[in-house]
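Here the sequence shown is numbered in this note's numbering, starting from 8 and rising by one per residue. Where is the CB? At the ideal position from N, CA and C, for every residue including glycine. All of these numbers come straight from a predicted model, not from anything done at the bench. Let me begin by presenting the structure, written as structure tokens, before commenting on it.
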Amino acid sequence: MRRVLLAAVAAGALHNSTFAQTTFATITGLVTDPHGAVMVGTIVTATRVDNNYVYTAKSNDSGYYSIGQLLEGEYVVRAEAPGFKTFVIESVRLADQELRRLDIRMEIGTIATTVEVKGGASLIETEKARISDTKDANIIKNLPLNQRSLWDFVGQNPGIVQAASGTATRRFSGSRNNQSDASVDGITISNGRDGTQITPLVNYVESMAEVRVDMANNTAEFGALGQVTVISKSGTNELHGSAFDYYQTPIFVSRNPFASSGSAGITHSPGATIGGPVWFPHLYNGKNKTFFFFSYETTRGSQVHDLVNPTVPLASWRQGIFTSTPGSVTIKNPFAAGSPAFAGNTIPTAQLNPVAQKIQDLFYPLPNFGNTSVFQSQNYRQLLSREFDPSIYWTSRIDHRFSERDFVFGRFTWAKQYTRTWDDNLPTIGRIQNVRENQGANISYSRTFRPNLLNEFRWGFAYNDQPRNGAQNGPAVVEELGLQGLAPNLPDVAGIFQVAWSGLGLQSITQQVWRHPGFKNKVFQFQDDMSWFRGRHTLKAGFVVARTYYADGQVPTAGSLVSGGSNLFGSAQFSNKYTGFAYSDFLLGIPTTTARSFPNFVDHELRWSYDLFITDEFKFSPTLTFDLGMRYELHPSAVNTDGYNSIFDIGSGKIVVPDGSMSKVSAIFPQNYVGIETASQAGLPNSLVRTDKNNFAPRIGVAWRPFGNNTVFRGGFGIFYDIVPETSASNSVPFALDQPSYTNPTTPNVILPLVYPSTTAGPSTVTLPTAVNPDIKIPYSMQYNATVEHQQGSTAFRLSYIGTNTRHGDYMYNINQPLPSTTPYVNKPRAFPAYPAINYLTNGAGHQYNAMTAEVKRRGAQGLTYQLSYTLARDIGDLERGQAPENAYDRARERGPWIDIPTHTVTGNLIWDVPVGRGKRFLSNSNAFVNVLASGWSTSLIYTYRRGRFLSPQWTGPDPTNTAFTSSTTPANVTIRPDILVDPNLPAGQRTVNEWFDVNAFTKPAAGRFGTSGPGVIIGPPVNVWDAGIFKAFPIKERVSIRWEITAINVLNHPNWSDPNTNISQTGNAGVISSVGSAASNVSGAGNPLDPSGARAFRTGLRIEF
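Below, the structure is given as structure tokens:
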């Protein structure tokens, strides 16, 4: 066996990996005789009820047996030994990854005599230190959540909250960004780039058999602090299926208190599932061997109506007639000597620029709202209709058991989401046609070499592509307008000639920037796990290899004259510089400022990662189990496969690029501004960041059962490394640069169709790449817990302390920031006087999370399932990935309560099958008519309470510290924390949406220093929400039923306010709340699934199940 383990470790060392894991369950226990002596050689079998798969083991010399690689589901466990009665445990319900302890006490008698007991589902963890929760398909189906995405159910667990940094990041018992993972059937759905997940792969739930959430102290099999595991449904020996539709209409949705009208549009979420044995008449019968499952889900809706209300030029202006202008402007002729006024304030038709005329005819409709002869804002209105943007999702799975030794299954998931909105506020631009495509798959092969030696190999991938396509084609627009002076070799992609206005208020002409491929991820995983049951030890070793490919191609957006746009196909801004009025300047084709961009490169990144682990579950005694493990992670940084990555080296003061990339530096790069050197010259690898190779992660767990298996004291400690390492980012500098925008002189050189003069030089400065510590380490976290659990009948109680802290957290700071004082910025010494701010990425940040959780739960007994928990938590920290301190030299000043970890959290859910009707507690002898009306009812509830977030005040104004870059003695405008005078939090009875906190508790910082306020001193509004559902089943035949349901989120319509405006400089709005929470309560399904605080929304549904 030593050779086997060494082979596993060696194989892992030769490959790359991420989060090794198995999804199978294990049954283990001690076999004893009536006197308590251990029994050797007892045959123990576990039979899966749904498909009659049989698994066999023998008790070893220590009396222990272990049966591994068990699919989730219901089992019958049977123990047999000569001279003893057969011992049978019925209805043993196993969850994925569960380690179930079933001790067997044999009785003397004949094998033909049976001793039967009930197993049920275990409500407590008896063998490991981890803190987890599992919800099966029945719970998922019955909880009253209108948006039935994975993340809606994840949020029902204690200690899990939505991160303030974005909807793709969640906190698991104090975890930070890049410290959690999610998988389907053991294969990650994380994007492999920033630690977030490819969420559309789990946006529908009909294919999910179980959802497991590991909140704390994972074993060495797992690399992440927080782990979500989805197990897909498989077929059974009986053909099962369903067809359903969920429906929502505007009358079901309460009006947002800040909106003038309610929601619009109808949505349907139909779908179907089917699963069973693979069967071909007269050819193959797959019962007990081969099974299939297929699910299809989609969201459809009624037509969507979009109101566009741009401000467009008057009809008279389009003809060059300016007798009606704001302020009665006199229109001058800049082409005539002395710039005399045009007669009658009218530009002769012959002088109108043909390109300008084409632009206005193509893109500006005529005014149709209000007095169309007088210029006013939003003078065009049109209600546009378009089809609903659907989403489609399907999953298929095949299971096959060749023999008791060999089992294989495979799954494929495919999803598409459409976005076909009107592009920009001008209807003439057209509609975008975006399609996001996602795929996920896995193949698993399990081999039983001996009853005590098992192996599982998995391969799988997760795929994401989210392109963006504007409505107009760039080259076609350029050809139509006859534009000249643009960059050579323009790509055949979506784009538009941008038009911006200064001081006029007209709608700009722009569109969504082209992006293809867009955030394209391909994450491949190879896993292998080997388990060996030996005496009192269960040894497991394995490796995971992962290959992450990322591609992103987009048009350049830097320096765009229109916010969010691109200069690739030219941009022009018009003012009153030449004629006295911006639109008459436009009609003459004379821009004030123009810009062009050069095509950008496609960012291709590749990253390999390698993980090894070994664990030993050691049964020290019948009441004491140790779970020991070690994990090693080798995660090199990603590399740009084309060599387009760069960093700024603070040692040499130069930009560093990979070897072989000097030839790719832009010809217009300003060599006299900053130097460039290769990775070899800087003593760096081509990734520009040295690989951190010292990432050993020990895990220790202990479980003690001094009073039997119904009470357990558990504790654990582990080290966990961040999932994705920092990398040298792909940068346009110094490879793809743009010329600076061009300002037309008094005598214009640029007149349409010319967009940019050919004589303009390149930029004199560039934005420096981020400076990265080349020896940056992968941050690690220590997590520990102490837990006591007790199961009394069908009810379990848990009390846990969980602590999580991060060390060597990555963050950035401005290494070129001067010290704060009253001396003007330009007169202060700086590390690099020739440059502005230089962000330096390094280690040093951290936090400490402490929490106590009390939980009680009941699972299915007498038709009642519930879970109720209370968490008291506090998380104190400074910064996390991507954040920077205000004062580069005082990171401790950022230390405070973490914004999104609430002090008090209560989560609860309940499902109750009402005990009315035949065979139930009430009306058990009712007649058929009464039974149809009274039976089959059930109800469910969800309750969520979270104390408000810890918010930070802000102040905006001239920099009092003189630390922000400016090229003159005039301070730059900054937004920083102010001085604090008193506690800003008002008594609960005085808080209103118009004054949530005391704005007068703050004042602007004194000259020469930063403000005295720490972060997180304002407590935001809490979340307090009840969700409810009512369900009625109508049995049609023995195996066919119809179910009607209606669910409501925020059924009491309790207002749950969003956070207030915390910028005290915004007089009139500071302390004001202007919206409610972002739950998915509207008919489009938009919103944050972990934020349950939207307006009340009902949804009804009908299901047929067989």
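Across which residues does DSSP place Pro277 in a beta bridge pair? Your numbering for residue 277 matches position 270 in the sequence shown. Note: Pro277 sits in a beta bridge opposite Asp252.
Which ranges would you report for the alpha helix (DSSP H) in the region 129-168 if only whole runs of at least 4 residues count? 144-149 and 157-161
Using C-beta distances below 7 Å, list every residue in its chain close to Leu106, excluding the 5 sequence neighbours before and after it, in chain order. Walking along the sequence shown from the start, residue 106 turns up at place 99. If we look at Leu106 and ignore the five residues flanking it on each side, its Cβ neighbours are Thr33, Thr35, Glu134 and Lys135.
For Lys461, count the other beta carbons within 10 Å of its own beta carbon; 16 or more makes it buried, fewer makes it exposed. Which is it? To locate residue 461, count along the sequence shown from 1; it is residue 454. With the sequence shown as reference, residue 461 is identified as Leu, and Lys is not the correct amino acid for it. Leu461 should be labelled buried.
Tell me whether Lys671 sits in a helix, a strand or coil according to DSSP, three-state version. Translated into positions along the sequence shown, residue 671 becomes position 664. If DSSP states are grouped into helix, strand and coil, Lys671 belongs with the helices.
Between the alpha carbons of Gly1108 and Glu1052, how many angstroms are there, rounded? What you label residue 1108 is simply residue 1101 of the sequence shown in a count that begins at 1. What you label residue 1052 is simply residue 1045 of the sequence shown in a count that begins at 1. So the two alpha carbons sit approximately 5 Å from each other.
With three or more C-beta pairs closer than 8 Å as the rule, is the region 420-432 touching the region 202-211? yes
Taking the alpha carbon of Ala271 as the reference point, which residue from Pro692, Ile258 and Phe625 has its own alpha carbon closest? Here residue 271 refers to the residue found at position 264 of the sequence shown. Among Pro692, Ile258 and Phe625, the Cα nearest to that of Ala271 belongs to Ile258.
For Pro965, which beta-bridge partners are listed by DSSP? Here residue 965 refers to the residue found at position 958 when the sequence shown is read from its first residue. Partner(s): Asn980.
Integer Cβ distance of Ala768 from Gln824, believed to fall under 8 Å: By one-based count along the sequence shown, residue 768 stands at place 761. By one-based count along the sequence shown, residue 824 stands at place 817. Rounded, the Cβ-Cβ distance is 31 Å, inconsistent with contact.
Do Thr951 and Thr750 have their C-beta atoms closer together than 7 Å? Sequence index remark: in the sequence shown, residue 951 carries index 944 (1-based). Sequence index remark: in the sequence shown, residue 750 carries index 743 (1-based). Against a cut-off of 7 Å, the Cβ pair of Thr750 and Thr951 comes out as no contact.
Just to confirm, are Tyr557 and Arg200 a CB contact at a threshold of 7 Å? Sequence index remark: in the sequence shown, residue 557 carries index 550 (1-based). Sequence index remark: in the sequence shown, residue 200 carries index 193 (1-based). It is a contact, given that the beta carbons lie within the stated cut-off.
On a Cα-Cα basis, can you pick out the residue from Pro760, Asn1001 and Thr1054 that is closest to Ala1104? Residue mapping note: residue 1104 aligns to position 1097 of the sequence shown, counting from 1. Checked all of Pro760, Asn1001 and Thr1054; the closest Cα to Ala1104 is Thr1054.
Any idea which residues DSSP pairs Met537 with across the strands? On the sequence shown, position 530 is the one that residue 537 refers to. Beta-bridge pairing links Met537 to Asn462 and Ala548.
Within this structure, are the beta carbons of Pro151 and Thr914 separated by less than 7 Å? Counting from 1 along the sequence shown, the entry for residue 151 is found at position 144. Counting from 1 along the sequence shown, the entry for residue 914 is found at position 907. No, they are not a contact pair.
Within 10 angstroms of its Cβ, does Phe409 collect 16 or more other Cβ (buried), or is it exposed? Your numbering for residue 409 matches position 402 in the sequence shown. With fewer than 16 Cβ atoms within 10 Å of its Cβ, Phe409 is classed as exposed.
Would you list, in sequence order, the uninterrupted beta strand (DSSP E) runs of no fewer than 3 residues that lie entirely inside the region 80-121? 80-87, 93-101 and 106-108
Inter-residue spacing [alpha-carbon to alpha-carbon] between Trp466 and Gln234: Taking the first residue of the sequence shown as 1, we reach residue 466 at position 459. Taking the first residue of the sequence shown as 1, we reach residue 234 at position 227. Those two C-alpha atoms are separated by around 19 Å.
Report all residues from its chain with a CB closer than 6 Å to the CB of Gly181; omit the five preceding and five following residues, and keep chain order. For the purposes of this step, residue 181 is taken as residue 174 along the sequence shown, with counting starting at 1. So the qualifying residues of the chain are Thr811, Tyr856 and Asp882.
Whole angstroms are fine: how far does the CA of Pro692 sit from the CA of Arg85? Counting from 1 along the sequence shown, the entry for residue 85 is found at position 78. Counting from 1 along the sequence shown, the entry for residue 692 is found at position 685. Straight-line Cα distance between these residues: approximately 59 Å.
Quick one, which of Lys339, Trp324 and Leu359 has its alpha-carbon nearest Val381's? Within the sequence shown, residue 381 is the residue found at index 374, counting from 1. When only C-alpha atoms are compared, the closest one is Trp324.
Closest Cα partner of Gln997 within the set Thr236, Phe714, Val45 and Pro1028: Here the question's residue 997 lines up with position 990 in the sequence shown. Nearest C-alpha to Gln997: Pro1028.
Identity of the residue in Phe742, Pro1012, Ile1111 and Tyr291 nearest Met669 by Cα: Reading the sequence shown from its first residue, position 662 is the one you call residue 669. For the residues Phe742, Pro1012, Ile1111 and Tyr291, the minimum Cα distance to Met669 belongs to Phe742.
Taking just the CA atoms, how far does Thr256 sit from Arg1106? Counting from one through the sequence shown, the residue named residue 1106 turns up at place 1099. Counting from one through the sequence shown, the residue named residue 256 turns up at place 249. Each residue's Cα considered, the two are about 8 Å apart.
To which residues of the same chain is Val1079 closer than 8 Å at the C-beta, ignoring the five residues directly before and after it? Indexing the sequence shown from 1 puts residue 1079 at position 1072. So the list reads Val1000, Asn1001, Glu1002, Trp1003, Pro1067 and Asn1068, once near-sequence residues are dropped.
If you reduce the DSSP assignment to three classes, tell me which class Arg393 lands in. As a first step, residue 393 must be located in the sequence shown, where it is residue number 386. Residue state, collapsed to three classes: strand.
With DSSP as the reference, label Thr356 as helix, strand or coil. One-based indexing of the sequence shown puts residue 356 at position 349. If DSSP states are grouped into helix, strand and coil, Thr356 belongs with the helices.
Once the 5 residues before and after Lys92 are set aside, which same chain residues still bring their CB inside 8 Å of it? Numbered from its first residue, the sequence shown carries residue 92 at position 85. Within the same chain, Lys92 has close Cβ partners Met113, Glu114, Ile115, Gly116, Thr117, Ile118, Thr120, Thr121 and Val122.
Cβ-Cβ distance between Gln446 and Gly525 below 7 Å: Residue 446 sits at position 439 when you count from the first residue of the sequence shown. Residue 525 sits at position 518 when you count from the first residue of the sequence shown. Not closer than 7 Å, so no.
If contacts are defined as beta-carbon pairs under 8 Å, then Asn224 and Ala231 qualify, I think. What distance do you get, rounded to the angstrom? Against the sequence shown, residue 224 aligns to sequence position 217. Against the sequence shown, residue 231 aligns to sequence position 224. With a Cβ gap of about 12 Å, Asn224 and Ala231 do not count as contacting.
For the candidate residues Val500, Trp1064, Ala844 and Ala861, whose alpha-carbon lies nearest to that of Ala971? Numbered from 1 along the sequence shown, position 964 holds the residue referred to as residue 971. Of the candidates Val500, Trp1064, Ala844 and Ala861, the one whose C-alpha sits nearest the C-alpha of Ala971 is Ala844.
Where does Ile516 sit, in a helix, a strand or coil, going by DSSP? Position 509 of the sequence shown, counting from 1, holds the residue named residue 516. Here Ile516 sits in strand by DSSP.
Buried or exposed: where does Phe714 fall if 16 or more other Cβ atoms within 10 Å of its Cβ makes it buried? Working through the sequence shown from its first residue, we reach residue 714 at position 707. So Phe714 counts as exposed.
Going by DSSP, what residue range makes up the alpha helix (DSSP H) through Lys365? Within the sequence shown, the letter at position 358 stands for residue 365. Unbroken alpha helix (DSSP H) run through Lys365: Pro361 to Phe370.
Assigned secondary structure, Trp324 (DSSP; H/G/I helix, E/B strand, else coil): The sequence position of residue 324 within the sequence shown is 317, counting from 1. The DSSP-derived three-state label of Trp324 is helix.
Tell me the DSSP secondary structure of Pro434 in three-state form. Counting from 1 along the sequence shown, the entry for residue 434 is found at position 427. DSSP places Pro434 in helix when its eight states are reduced to three.
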